[in-house]
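Residue numbers (the numbering used here): 2 to 283.
Even glycine gets a Cβ: it sits at the ideal position worked out from N, Cα and C.
Notes follow the structure.
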């Protein structure tokens, strides 16, 4: 079984998680930029973070046989802080990097005017750079947030078929599907969706344009939820081909829209006396 986790925050995870993910079948992932867990106080903290997603995390993932890609953006939560909004002006410098396969995650947290501005600006950046967009739908007042998101997408220059609407659930999946966008579901131990609910959604709506992720952020989460969904699908009567479509071919198709997806890992460079951590070159 091969698995592509299309939304997972590996910055918050350990190397043990990488090993467990590889053992479960994960061979590729996308890490979208998200909040720090506490307020960032300047754009410079974003730039260090973006650099880590472009360099450090791909190196760390490759040691465990996993191809790492990223999506970069000013995330919705921090779009409300005027100390952070200059990041929007700097994003074009980062969006040309080879391993950036999308703009994200963007969207809504509290549905404020500042979030409106950031979402519209970053949809335009995605269109300008030929990239798809990963859009975070809010955890509160989810259906209203989805409808507002779809309206902004329709007003943008980015076609809905280049947009992934994430954090969906049973209340939002139909309208999201009707919009023409791709459908993303985050599977968590306690919040959002679980694997049994995900299987029920797939039974009702089919496997087309559906992506399943573990998100795996700072809180209680599980980086193996993609594999658990795959196992639940098989137990419910889905075929191995159905599983491959949802857990591999769909994320490859969506993130391949930007033309930068690289699933073949480069040969690892030499390590100093077997140390798994590089200390920097000359």
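query	result
Comparing C-alpha positions only, which one of 224, 181, 5, 242 sits nearest to residue 195?	224
In the DSSP assignment, find the beta strand (DSSP E) that holds residue 97 and state where it starts and stops.	Premise fails: residue 97 is in no beta strand (DSSP E) and is neither H nor E.
Any chance the segment 151–158 sits against the segment 122–129, with 3 or more Cβ pairs inside 8 Å?	yes
With a threshold of 16 other CB atoms inside 10 Å of the CB of residue 94, please say whether the residue is buried or exposed.	exposed
Could you work out which residue in 202, 124, 9, 209 is closest to residue 243 when comparing CA atoms only?	209
What whole-angstrom Cβ distance do residue 71 and residue 32 have, given they're in contact under 8 Å?	5 Å
According to DSSP, is residue 20 part of a helix, a strand, or is it coil?	helix
Could you give the DSSP three-state label for residue 152: helix, strand or coil?	helix
Look at the Cβ atom of residue 6, then the Cβ atom of residue 40, and state whether they are nearer than 8 Å.	no
Can you check whether the CB of residue 53 is closer than 8 Å to the CB of residue 11?	no
If you follow the alpha helix (DSSP H) that residue 61 is in, where does it begin and where does it stop?	57–63
From residue 138 to residue 203, what distance separates their C-alpha atoms?	19 Å
Among residues of its own chain, excluding the 5 on either side of residue 20, which ones have a beta-carbon nearer than 8 Å to its beta-carbon?	65
Considering only their Cβ atoms, is the gap separating residue 228 from residue 4 smaller than 8 Å?	yes
Going along the chain, which residues of its own chain have a beta-carbon closer than 7 Å to the beta-carbon of residue 284, five neighbours each way excluded?	Residue 284 is absent from the structure shown; the chain starts at 2 and stops at 283.
Is residue 224 helix, strand or coil when you go by DSSP?	coil
Leaving out the 5 sequence neighbours to the left and right, which residues in its chain are closer than 7 Å to residue 213 when beta-carbon positions are compared?	186, 188, 199, 227, 230, 247, 248
Would you identify the three-state DSSP class for residue 6, choosing helix, strand or coil?	strand
May I ask which residues mark the beginning and end of the beta strand (DSSP E) holding residue 33?	27–33
Here's the rule: buried if 16 or more other CB atoms are within 10 angstroms of the residue's CB, otherwise exposed. What is residue 74?	buried
Residues bridged to residue 71 by DSSP?	32, 101
Alpha carbon to alpha carbon, what distance is there between residue 166 and residue 38?	23 Å
What separation, rounded to the nearest whole angstrom, lies between the Cα atoms of residue 25 and residue 2?	8 Å
Please return the same chain residues whose Cβ sits closer than 6 Å to the Cβ of residue 281, not counting the five positions on each side in sequence.	Unreliable positioning characterises residue 281 in this predicted model, as indicated by a pLDDT of 49, which lies under 50. The coordinate reading is nonetheless provided below. Taken in chain order, the list of residues that qualify is empty.
Skipping 5 residues on each side, what residues in its chain have a beta carbon closer than 7 Å to that of residue 161?	154, 180, 181, 182
So within the segment 124–183, which uninterrupted alpha helix (DSSP H) runs reach at least 4 residues, ignoring any that extend past its ends?	143–156, 174–179
What residue range is occupied by the uninterrupted beta strand (DSSP E) comprising residue 244?	Unbroken run through residue 244 is the alpha helix (DSSP H), 241–245; no beta strand (DSSP E).
By Cβ distance, which residues of its chain are closer than 6 Å to residue 219, with the 5 residues on each side in sequence left out?	13, 38
From the DSSP output, read off the bridge partner residues of residue 216.	9
What does the Cβ neighbour count give for residue 193, buried or exposed, with the cut at 16 atoms within 10 Å?	buried
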